[in-house]
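Asks: One rule links them: number in our numbering = place in the sequence shown (from 1) + 4. Note that the Cβ used here is the ideal one computed from N, Cα and C, for glycine as well. Model, not experiment: these values are computed from the prediction. This structure is in structure tokens; I'll ask about it shortly.
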Amino acid sequence: MIRAVLLSTAAALLAFPAAAQDEAGARRILERTPLIDGHNDLPWALRQQHGNDPHAVDLTTNLDVSTELHTDIPRLRAGGVGGQFWSVYVPASLTPVEAAKATFEQIDTVKRLAAAYPDVFELATTADDIQRIHRRGRIASLIGMEGGYSIADSLGLLREFHDAGARYMTLTHSATTSWADSATDAPKWGGLNPFGEEVVREMNRLGMMVDLSHVSEETMLDAMRVSEAPVIFSHSSARAVTAHPRNVPDSVLRLLPEDGGVVMVTFVPGFINEEVRAWGAARSAEDARLKSLNPGDPGAVTVGMQAWIAAHPAPRAGVEDVVAHIQHVRDVAGIDHVGLGGDFDGVGSLPVGVEGVDAYPRILAALMANGWSEADIRKLAGENVLRVMRRVEAVAASRSGARPSLAKLPDAVSPE
């Protein structure tokens with residue numbers, strides 16, 4: 005026993021210099037290649053905690069201890085982040101009109117965030133913008149919409165969101181919309197209905213990336229069939245590794261070489277670690293059981309849940325889980341179709357070793373230790389996303405003479 009511990013400790017000590025060297029190597033790569041993260045919910049955290057005021061918290065300070073934020077400027081710099089899609093998420097529980105209003109407010113928050121720190125952030129809408137801004141030593145700030153309900157079934161609103169700077173839209177969030185099925189809600193349309201297909205076509209015409217995180221497998225397949233441009237998954241992982249419906253099945257991963265798209269692997273513990281996923285499902289089941297036994301008595305439910313959690317400690321995910329998902333996407337889809345989409349500030353907990361936006365060099369170092377080359381790391385970090393963006397932009401340019409779609413959702417069509 006003692007000998008095993010000594011050997012384990014010695015191995016860890018011997019590995020430490022190599023790990024530090026790999027992290028330094030990863031940072032050197034990111035000086036030349038912008039690391040582009042597909043999804044960060046800092047704008048929503050600012051809305052919830054600070055009244056949508058970027059000045060209400062000092063982002064020039066490392067906030068990993070003093071606040072619950074996963075994101076600040078020192079950690080973005082330490083993480084080598086060169087391009088960030090800021091999510092302008094709003095809840096699926098809002099009415100479509102409320103969601104549209106709130107999404108425009110969140111876009112305004114991103115723009116005010118960039119204006120508050122002009123030496124750090126600069127707004128970007130194209131692949132060339134990202135590379136230009138990165139060369140200037142700033143972080144390219146892009147806007148990604150999360151939830152197709154925000155367009156309120158209006159292609160006119162979709163166009164206005166694009167004009168406001170949005171460069172991708174996640175077709176659904178947690179709930180099925182009036183035109184697309186979600187991965188975590190009952191299906192209504194078998195994927196996309198005809199209006200949903202028109203949404204995808206209009207996104208192609210505009211040059212807005214079609215984001216398939218959160219959607220059902222049928223919606224993924226329909227969108228990939230309809231879209232002329234490559235699709236993205238801004239923050240999803242591999243279902244074959246962790247059996248969560250939010251993850252991408254191998255049947256879809258195998259289509260990516262033909263589609264040209266990219267899966268940006270997320271770090272949400274329940275999406276990347278099977279034990280964490282199963283624990284979360286058991287916790288939800290226990291919560292539902294206690295509520296059914298104690299109607300109108302939330303105090304009893306709280307006490308019961310506290311006892312259950314004490315008896316069933318939550319497992320933790322780690323860097324190795326992130327690496328496993330990145331490796332699986334590469335193994336099935338290929339090195340040209342994998343990226344990074346952390347979902348920082350959009351979750352309550354993160355894997356051990358991935359507690360903030362400074363974690364990227366650690367993740368890249370772990371991959372390099374597993375044999376990934378510098379060229380591989382460049383593709384994962386940002387080159388794959390830049391390629392997809394350029395193709396999306398090219399498709400839009402080829403349709404520059406096409407008229408905007410006037411398609412409308414039939415009045416009788418709506419989810420229950």
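Exposed or buried, which one is histidine 316 when buried takes at least 16 other CB atoms within 10 Å?
Replies: exposed
Asks: For glutamate 35, which residues from the same chain have a beta carbon less than 8 Å from its beta carbon, with the 5 sequence-adjacent residues on both sides left out?
Replies: Gly84
Asks: Could you check if isoleucine 367 is buried or exposed, using at least 16 other CB atoms within 10 Å of its CB as the buried criterion?
Replies: buried
Asks: Helix, strand or coil: which one does DSSP assign to valine 92?
Replies: coil
Asks: Skipping 5 residues on each side, what residues in its chain have a beta carbon closer than 6 Å to that of alanine 14?
Replies: Confidence in alanine 14 is poor, its pLDDT being 32 and thus under 50, which makes the residue's placement too unreliable to answer from.
Asks: Can you check DSSP and say which residues form a bridge with phenylalanine 348?
Replies: Asn44
Asks: At what residue ranges does the stretch 178-221 contain a whole run of the beta strand (DSSP E), taking only runs of 3 or more?
Replies: 213-215
Asks: Mind checking which residues open and close the alpha helix (DSSP H) that includes phenylalanine 165?
Replies: 159-167
Asks: Give me the residue from Glu150, Met309, Thr99 with the minimum Cα distance to glycine 42.
Replies: Glu150
Asks: For the candidate residues Ser220, Pro273, Asp263, Thr270, whose alpha-carbon lies nearest to that of proline 249?
Replies: Ser220
Asks: In angstroms with no decimal places, state the Cα-to-Cα distance between isoleucine 330 and leucine 371.
Replies: 9 Å
Asks: Alpha carbons only, please: which of Ala233, Leu127, Val101, Ala321 is nearest the one belonging to glutamate 262?
Replies: Ala233
Asks: What span of residues does the beta strand (DSSP E) with arginine 171 cover, start to end?
Replies: 170-174
Asks: Per DSSP, alanine 242 forms a beta bridge with which residues?
Replies: Val252
Asks: Taking a contact to mean a Cβ-Cβ separation below 8 Å, would you say isoleucine 236 touches aspartate 254 in this structure?
Replies: Contact: no.
Asks: Name the residue from Val114, Gly357, Asp45 whose alpha carbon lies nearest to the alpha carbon of aspartate 57.
Replies: Checking every option, the nearest Cα to that of aspartate 57 belongs to Val114.
Asks: Please classify glutamine 88: is it buried, with 16 or more other beta-carbons within 10 angstroms of its beta-carbon, or exposed?
Replies: buried
Asks: Between the Cα of glycine 443 and those of Met224, Arg229, Tyr172, spot the shortest distance and give me the residue it belongs to.
Replies: Shown here, the chain extends from 5 to 420; a query on residue 443 therefore has no answer.
Asks: With DSSP run on the structure shown, which of helix, strand or coil describes serine 288?
Replies: helix
Asks: Pick helix, strand or coil for alanine 356, following the three-state DSSP scheme.
Replies: Residue identity check: residue 356 is valine in the sequence provided, not alanine. Here valine 356 sits in strand by DSSP.
Asks: Drop a sphere of 10 angstroms on the beta-carbon of histidine 218, count the other beta-carbons inside from all chains shown, and report buried for 16 or more, exposed for fewer.
Replies: buried
Asks: Between valine 361 and glycine 322, is the Cβ-Cβ spacing less than 8 Å?
Replies: no
Asks: With a CB to CB cut of under 8 Å and the five nearest residues on each side skipped, what residues in its chain are close to leucine 10?
Replies: Confidence at leucine 10 is low in this model, with a pLDDT of 28, below 50, so its placement is unreliable and the value that follows should be read with caution. Closer than 8 Å at Cβ, skipping near neighbours: no residue.
Asks: Are three or more beta carbon pairs between the stretch 265-275 and the stretch 330-348 nearer than 8 Å?
Replies: Yes, since at least three Cβ pairs between the stretch 265-275 and the stretch 330-348 fall closer than 8 Å, the two stretches touch.
Asks: Of all the options Ala292, Ala311, Asp349, which has the alpha carbon lying nearest to the alpha carbon of leucine 50?
Replies: Asp349
Asks: Would you mind stating whether tryptophan 90 and glycine 148 have Cβ atoms separated by less than 8 Å?
Replies: Contact: yes.
Asks: Would tyrosine 121 and leucine 63 qualify as a contact pair, given that the criterion is a beta-carbon distance under 8 Å?
Replies: yes
Asks: Using alpha carbons as the reference points, say which of Ala227, Leu127, Pro302, Gly169 lies closest to alanine 184.
Replies: Nearest C-alpha to alanine 184 among Ala227, Leu127, Pro302, Gly169: Ala227.
Asks: Helix, strand or coil for glutamate 102? Go by DSSP, reduced to three states.
Replies: helix
Asks: Taking all protein chains shown into account, do 16 or more other C-beta atoms lie within 10 angstroms of the C-beta of glutamine 110, making it buried, or fewer, making it exposed?
Replies: buried
Asks: With 16 as the cutoff for other CB atoms within 10 Å, does arginine 32 come out buried or exposed?
Replies: exposed
Asks: Between Ala379, Pro100, Ala286, which lies nearest to isoleucine 313 when the distance is taken from Cα to Cα?
Replies: Ala286
Asks: List the endpoints of the continuous beta strand (DSSP E) containing glutamate 150.
Replies: 143-150
Asks: Which of helix, strand or coil does DSSP assign to phenylalanine 275?
Replies: In this structure, phenylalanine 275 counts as helix in the three-state DSSP scheme.
Asks: Rounded C-beta distance between alanine 328 and valine 245? I'm assuming under 8 Å.
Replies: 6 Å
Asks: Do valine 333 and leucine 410 come within 8 Å of each other at the CB atom, strictly closer than that value?
Replies: no
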